[in-house]
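Enquirer: I'd like to ask you about the structure that follows.
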Amino acid sequence: MKYDVCIVGSGAGASPIAYELSNAGFNVVVLEKGKYYKEEDFSKDELAVSRREKFTPLLKDEQHVINSREQDGTIERYEGEKSGWNFWNGSMVGGSSNLMSGYFHKMQENDFKLKSVYGDIQEANVVDWPISLEDLNPYYEKVKRVVGVSGEGMEYRALEVNGATKWFDKSCKELGYKSFNTPRAILSTPTLGRNSCSYSNFCGSYGCATGAKGSARAALLQKCDAKIISEAFVYKLDSDKSKITKAHYYDKDMKSHSIDAKIFVVAAQAIESSRLLLNSKNEHFVNGLANNSGQVGKNLIFSGGGVGTGRLNKENLSESEFKELMTPGLFFNRSIQDWYEYKKDGKKQKGGTVDFLFEHSNIISRASREFYDENGNIMWGAKLQEKIHKTITTSRVLTFEVFNDWLPTDYTFVSVDDKVKDKYGVAVGAINLYGHKRDVEVGEYLASRAEKVLEKMGATEIVTSVSSSPPPNLVAGGCRFGRDAKSSVLDKNCKAHELNNLYVTDASFMPTGGSVPYTWTIYANSFRVADHLLKILST
Amino acid sequence: MFLKTRRTFLKKTAFSTTALILPHIKLFASASILDTLALAQRDLYGDLKSAPSFKEINSRAYLSLILTHSRVDEDSKKYIKNGAIWLDEDAVKLYKKPYIQLDEKKRQKTLHYIATYTWGENWIDTMLRFVYEAVLGDTIYGVNKNESGWKWLTHASGLPRPKEALL
């Protein structure tokens, strides 16, 4: 059988295409490496999800190699199985969107033209996008309606928030900051054939048991007739000199199968998509598919920034305020984008977004953070029990997350490591890392502003951590789109310059990341490419 | 000299890298590694009246589960067991008896002694993490009996709860 479209991967970059094309009557098959979990399979089991990492492949079976470039130019090599360092995030149908927190911000106008607005930055491969916000806006709107985004000015009313947001907003006002309700890809009301949020107190890192979270699976794959083959690891794409001819995959019993299709869409997450192309060398593409330009895997990016925390204590609050603060389940949902652009030394510079949220409810993790005294010495016994009890029952931690550009450089890219193979016998992805010093400077600027809100609220133990450490759940680039085939992998429709029927639609296409979490943009772009494919297939 | 070398090794290898089950001497034969681990867990957990009792948390059975868990790697399991052997070695060095034969005061002194070494601090940290998994994990794992740990910290569990344990 020849399918109209074969999609490798099933996350936010894959599912809009499966949804749109199958609902338009085309034959679509989705190949997903992970298992097919549904709402009834998800629970809030901290031991399984957060401690034993149920949704992460065992590293003895599948790992990454990480080559970290230090400031002095030396490279430290880490094998995932030995170091525990990995970049997996949601190996299952629907991908990492199952586990996201769903903080949805659109990219802003200048994010699409970083080079022309802010100029070159030394050592950074900053470019303008080949499309504009105007091109993407209709699709951002579509995501609001179809995936479901709640919040002020969104398609669905805002989720319920904790009373402590009143003090937060007041503090921001006093500081001259403008706070706003964070849009979330979580339904606040039953609609779209899905239930509303149950305010279960556990959202990020956990699968949603109600279907309220706008995962690619719940919002799209379960609402279309695309054929989904789970536990299907695509290890190679075949091609002739102008088109992909077959996708080969192993099933869970290591039996090999192949799929024939008119169009192939790769959306296996930024690192794995580049790895698949690089591992699919043939006589026409000796450096990997669509890689005669040498650009596949290059300019990998993450979200720059970091996190900060502050503790709100019972002793500084009235009885009713404390009761309000400790109410479980309700969201915090506050963001500030006052410094999306700011001036440094008289020159305008890209800044970013700060989201505020409560510390995750994982109780074992919260207790574990109390194991050391103020001098950094390990504690145990009754003293530790007292400390854990006092901290957890008389205070609550407010957290902020900073999102700013991770500048693309020559030193952060995906390659394959032929010395290390996964359980399928395929060379693993190597992640080559380097953090541009500007990323940390901007992150620190934003964090210093965010800290002032916590101070104003009377928080204690304010701690900030901004570094060039890459967050595995916020990864993009590797197959950037652009107008020039010599310096990009994909054209503006996310079709490979060098192949007529290969599209890459996960976050790989992004040449720069914007200063927001990526998921809304990945969804929107995939809906945009789906429109393009509908036109192609209809003619 | 041997201890010094071993600890240098441990400093480099920490938790998840290669560790070996060391051949232990006759003196330790009377106590199983699991007995030593269970006693160390009790000593590390504490006896605060308002906290769940050590019996309620069922941490010995839970640790047995961890030592056979499909998603805990073999090096980590070896590290836990090796720690018990090294704890015993240091108990013998200090008091000429294995850990399990010491009174509570001497056991605490032994724990404080090993905590001054990087390996000891790391091992105690690891043991505490599994103890508090037993205090606060879902009851489906046979721990946190009557949700006593959650009640102690007025913690509202997320819903739905698991229908089966991940082993």
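Chains as they are written, first to last, in numbering that gives the first Met the number 0: chain P, 0 to 538; chain Y, 0 to 166. Glycine included, each C-beta is placed from N, C-alpha and C at the ideal position.
Using the beta-carbon of each residue, which ones in chain P are nearer than 7 Å to Thr35(Y)?
Expert: What you label residue 35(Y) is simply residue 36 of the second sequence in a count that begins at 1. The premise fails here: Thr35(Y) is roughly 16 Å from chain P at the closest Cβ pair, so nothing lies under 7 Å.
Enquirer: Can you name, in chain order, every residue of its own chain whose Cβ lies under 6 Å from the Cβ of Cys202(P), other than the five neighbours on each side?
Expert: Here residue 202(P) corresponds to residue number 203 of the first sequence, with the count starting at 1. Taken in chain order, the residues that qualify are Ser100.
Enquirer: Just list the beta strand (DSSP E) runs in the segment 45–97 of chain P, keeping only unbroken ones of 3 residues or longer that don't cross its boundaries, in chain order.
Expert: Runs found: 64–68, 74–78.
Enquirer: Going along the chain, which residues of its own chain have a beta-carbon closer than 7 Å to the beta-carbon of Phe25(P), five neighbours each way excluded?
Expert: Here residue 25(P) refers to the residue found at position 26 of the first sequence. Once the five neighbours on either side are set aside, the close Cβ partners of Phe25(P) are Asp3, Val4, Leu536.
Enquirer: So Ser199(P) contacts chain Y; which residues on that side make the cut at Cβ distance below 7 Å?
Expert: Working through the first sequence from its first residue, we reach residue 199(P) at position 200. By Cβ distance, chain Y contributes Gly157, Leu158.
Enquirer: Cβ of Gly101(P) less than 8 Å from any chain Y Cβ?
Expert: As a position in the first sequence, residue 101(P) is number 102, starting the count at 1. Judged by the 8 Å Cβ criterion, Gly101(P) is not in contact with chain Y.
Enquirer: Since Ala13(P) meets chain Y, which of its residues come closer than 8 Å, beta carbon to beta carbon?
Expert: The count along the first sequence starts at 1 and reaches residue 13(P) at position 14. Neighbours of Ala13(P) on chain Y: none; closest Cβ ~27 Å, over 8 Å.
Enquirer: Roughly how many angstroms separate the alpha carbons of Asp259(P) and Tyr234(P), rounded to a whole number?
Expert: In the first sequence, counting from the first residue as 1, residue 259(P) sits at position 260. In the first sequence, counting from the first residue as 1, residue 234(P) sits at position 235. Whole-angstrom Cα-Cα distance: 15 Å.
Enquirer: Starting from Asn312(P), follow its DSSP beta bridges and name the residues at the other end.
Expert: Working through the first sequence from its first residue, we reach residue 312(P) at position 313. For Asn312(P), which the question treats as bridged, DSSP gives the partners Ser394(P).
Enquirer: Should Leu101(Y) be flagged as near chain P, meaning a C-beta pair shorter than 8 Å?
Expert: Start at 1 with the first residue of the second sequence, and residue 101(Y) comes out as number 102. By this cut-off, Leu101(Y) is not an interface position.
Enquirer: So which residues on chain Y does Gln384(P) lean against when the C-beta distance must stay under 7 Å?
Expert: Looking up residue 384(P) in the first sequence gives position 385. By Cβ distance, chain Y contributes Gly45, Leu47, Ala50.
Enquirer: Which same chain residues end up closer than 7 Å to Cys196(P) when comparing Cβ atoms and leaving out the 5 residues on each side of it in sequence?
Expert: Sequence index remark: in the first sequence, residue 196(P) carries index 197 (1-based). Cβ neighbours of Cys196(P) beyond the five flanking positions: Leu158, Ile185, Leu186, Ser187, Thr209, Ala211.
Enquirer: Which residue wins for smallest C-alpha separation from Pro407(P), given the options Ala426(P), Lys455(P), Phe321(P), Ser302(P)?
Expert: Within the first sequence, the letter at position 408 stands for residue 407(P). Nearest C-alpha to Pro407(P): Ser302(P).
Enquirer: Compute the beta-carbon to beta-carbon distance between Gln62(P) and Gly79(P), rounded to the nearest angstrom, for a pair I have assumed lies under 8 Å.
Expert: For the purposes of this step, residue 62(P) is taken as residue 63 along the first sequence, with counting starting at 1. For the purposes of this step, residue 79(P) is taken as residue 80 along the first sequence, with counting starting at 1. The pair is a contact, with the Cβ atoms about 3 Å apart (cut-off 8 Å).
Enquirer: Hey, is the segment 42–52 of chain P in contact with the segment 248–265 of chain P, meaning 3+ C-beta pairs nearer than 8 Å?
Expert: Cβ pair count under 8 Å is below three, so no.
Enquirer: Within this structure, are the beta carbons of Ser42(P) and Lys162(Y) separated by less than 8 Å?
Expert: Translated into the one-based positions of the first sequence, residue 42(P) becomes position 43. Translated into the one-based positions of the second sequence, residue 162(Y) becomes position 163. For Ser42(P) and Lys162(Y), yes; Cβs fall inside 8 Å.
Enquirer: Could you check if Trp519(P) is buried or exposed, using at least 16 other CB atoms within 10 Å of its CB as the buried criterion?
Expert: Start at 1 with the first residue of the first sequence, and residue 519(P) comes out as number 520. Flag for Trp519(P) reads buried.
Enquirer: To test your reading of the DSSP string, which unbroken beta strand (DSSP E) runs of 3 or more residues are found completely within the segment 251–275 of chain P?
Expert: For the segment 251–275 of chain P, whole beta strand (DSSP E) runs of length 3 or above, ordered along the chain, are 255–265.
Enquirer: Closer than 7 Å to a non-hydrogen atom of the ligand HEM - does that hold for the CB of Phe526(P)?
Expert: This structure lacks the ligand HEM; in fact it carries no ligand of any kind.
Enquirer: In terms of residue numbering, what span does the beta strand (DSSP E) encompassing Tyr502(P) cover?
Expert: Locating residue 502(P) in the first sequence gives position 503, where the first residue counts as 1. Its beta strand (DSSP E) spans residues 501–503.
Enquirer: Can Arg274(P) and Thr459(P) be called in contact, C-beta distance under 8 Å?
Expert: Within the first sequence, numbered from 1, the residue matching residue 274(P) stands at position 275. Within the first sequence, numbered from 1, the residue matching residue 459(P) stands at position 460. Their beta carbons are not under 8 Å apart, which means Arg274(P) does not touch Thr459(P) by this criterion.
Enquirer: Taking the alpha-carbon positions, what's the His23(Y) to Lys389(P) distance?
Expert: For the purposes of this step, residue 23(Y) is identified with residue 24 of the second sequence, where counting begins at 1. For the purposes of this step, residue 389(P) is identified with residue 390 of the first sequence, where counting begins at 1. Any reading at His23(Y) must be qualified, since the residue scores a pLDDT of 44, below 50, and its modelled position is unreliable; no value is offered.
Enquirer: Closer than 8 Å, CB to CB, is Lys25(Y) near chain P or not?
Expert: Against the second sequence, residue 25(Y) aligns to sequence position 26. With a pLDDT of 45 at Lys25(Y), under the threshold of 50, the modelled position of this residue cannot be trusted; read the value that follows with caution. So no, Lys25(Y) is outside the interface.
Enquirer: Report the CB separation of Ala218(P) from Gly147(P) in whole angstroms; it is logged as a contact under 8 Å.
Expert: Along the first sequence, one-based indexing puts residue 218(P) at 219. Along the first sequence, one-based indexing puts residue 147(P) at 148. Contact flag correct, Cβ pair sits at about 6 Å.
Enquirer: Which class does Lys32(P) belong to by DSSP, given the choice of helix, strand or coil?
Expert: Here residue 32(P) corresponds to residue number 33 of the first sequence, with the count starting at 1. DSSP places Lys32(P) in coil when its eight states are reduced to three.
Enquirer: Here's the rule: buried if 16 or more other CB atoms are within 10 angstroms of the residue's CB, otherwise exposed. What is Lys105(P)?
Expert: By one-based count along the first sequence, residue 105(P) stands at place 106. Buried: at least 16 other Cβ atoms inside 10 Å.
Enquirer: Under a three-way DSSP split, which group does Gly307(P) fall into?
Expert: Against the first sequence, residue 307(P) aligns to sequence position 308. Looking at Gly307(P) - three-state DSSP - the assignment turns out to be strand.
Enquirer: Within its chain, find whatever has a CB closer than 6 Å to the CB of Thr304(P); leave out the 5 residues flanking it on each side and keep chain order.
Expert: On the first sequence, residue 304(P) is found 305 positions in, with the first residue counted as 1. As written in the sequence, residue 304(P) is Gly, which differs from the Thr given in the question. Val401, Phe402, Asn403, Gly442, listed in sequence order.
Enquirer: Strictly under 8 Å for the Cβ-Cβ distance: is Asp250(P) near chain A by that measure?
Expert: In the structure shown, chain A does not exist; the protein chains are P and Y.
Enquirer: Rounded to whole angstroms, what is the Cα-Cα separation between Phe86(P) and Ser468(P)?
Expert: As a working mapping, residue 86(P) is identified with position 87 in the first sequence. As a working mapping, residue 468(P) is identified with position 469 in the first sequence. Going from the Cα of Phe86(P) to the Cα of Ser468(P) covers about 12 Å.
Enquirer: Examine chain P for any beta-carbon lying closer than 8 Å to the beta-carbon of Tyr131(Y), and answer yes or no.
Expert: Counted from its first residue, the second sequence places residue 131(Y) at position 132. Closer than 8 Å: yes.
Enquirer: Please confirm if Lys128(P) has its CB atom under 8 Å from at least one CB of chain Y.
Expert: For the purposes of this step, residue 128(P) is identified with residue 129 of the first sequence, where counting begins at 1. Correcting the residue type first, residue 128(P) is Trp in the shown sequence and not Lys. Closer than 8 Å: no.
Enquirer: My output table needs one value for Ile130(P): the three-state DSSP class, helix, strand or coil.
Expert: Position 131 of the first sequence holds residue 130(P). In this structure, Ile130(P) counts as coil in the three-state DSSP scheme.
Enquirer: Under DSSP, the alpha helix (DSSP H) around Glu38(P) begins and ends at which residues?
Expert: One-based indexing of the first sequence puts residue 38(P) at position 39. From DSSP, Glu38(P) is part of no alpha helix (DSSP H); its letter is neither H nor E.
Enquirer: Can you look up Ala247(P) in the DSSP assignment and give me helix, strand or coil?
Expert: The residue given as residue 247(P) occupies position 248 in the first sequence. Looking at the sequence itself, residue 247(P) is His, so the reference to Ala does not match. Strand at His247(P).
Enquirer: Please give the ranges of any alpha helix (DSSP H) in the segment 456–490 of chain P, keeping only runs that are unbroken, at least 4 residues long and fully inside the region.
Expert: Correct list: empty.
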